[in-house]
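Structure record follows, encoded as structure tokens.
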Amino acid sequence: MDLKKVDDIIKRWKSNPSFAIEMLQDVQESLRHLPKEALQRIAQATGTDLSRLYHLATFYKAFSLKPRGRMPIQVCTGTACHVRGAQRVMDAFSRELQVEPGETTEDLLFTLEGVRCLGCCSLAPVVTMGKSLQGSLDSSKVGRLLKRYKKQVEKEAKHAWADD
Ligand code: FES
């Protein structure tokens, strides 16, 4: 657990309790989750109630108490995508990654989740992989797509570890 990163974030926000959410956002981005130790550290440094931080950490979908993968995969489950085969696409990701929606792969590379309408229904079924959007996705293409992205994410992970 790299608490130095958490301490730096607290320092950046001058231990100001008014910026508790910003601190949580930065920790989430840096560690890809909010570990118990980080919440305790923020609570202590800012004088904020630990239970309030837990409330924030569990209220907002952007936060996670469990480590998330480097690349989130969001399968749109909105009506237009559902009608055009989103469930088959979700099943294909689930099978390839061997995780259920809401779970993260063991190697911490991918987190699979279902989301509501992404606002581009004409491209249904739609999936986002990190910052990139895949439209009109056919379940038969999922394996190949994942292979390509896995190489990219592994490369990014290696660079990130080298920087740590
Ligand atoms: S329902 Fe999937 S993008 Fe709108």
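If you count the sequence shown from 1, position 25 lands on 85 in my numbering, and the numbers rise without skipping. Don't be surprised by glycine CBs; every beta carbon is placed ideally from N, CA and C. What you are looking at is a predicted structure, and each value in this text was computed from that prediction instead of being measured.
Subject >> Own chain partners of Leu63 with C-beta closer than 8 Å, once the 5 adjacent residues on each side are dropped >> reply: Glu97, Ala98 and Arg101.
Subject >> Short Cβ contact (8 Å threshold) for Ser199 with Arg148 >> reply: yes
**OP:** Would you tell me roughly how many angstroms separate the C-alpha atoms of Ala217 and Phe170, rounded to the nearest one?
**Re:** 12 Å
Subject >> Where Glu82 falls, given that 16 or more other Cβ within 10 Å makes a residue buried >> reply: exposed
**OP:** Please report how far the alpha carbon of Leu183 lies from the alpha carbon of Ser154, in whole angstroms.
**Re:** 21 Å
Original post:
Is Arg190 near the ligand FES, judged by its Cβ being under 7 Å from some heavy atom?
Top reply: First, the residue type needs correcting, since residue 190 is Gly and not Arg in the sequence shown. Because no heavy atom of the ligand FES lies under 7 Å away, the Cβ of Gly190 does not count as near it: no.
Original post:
Using the beta-carbon count (16 or more within 10 Å), is Leu91 buried or exposed?
Top reply: buried
Original post:
Just to confirm, are Pro185 and Arg144 a CB contact at a threshold of 8 Å?
Top reply: Yes, the pair counts as a contact, with Cβ atoms nearer than the cut-off.
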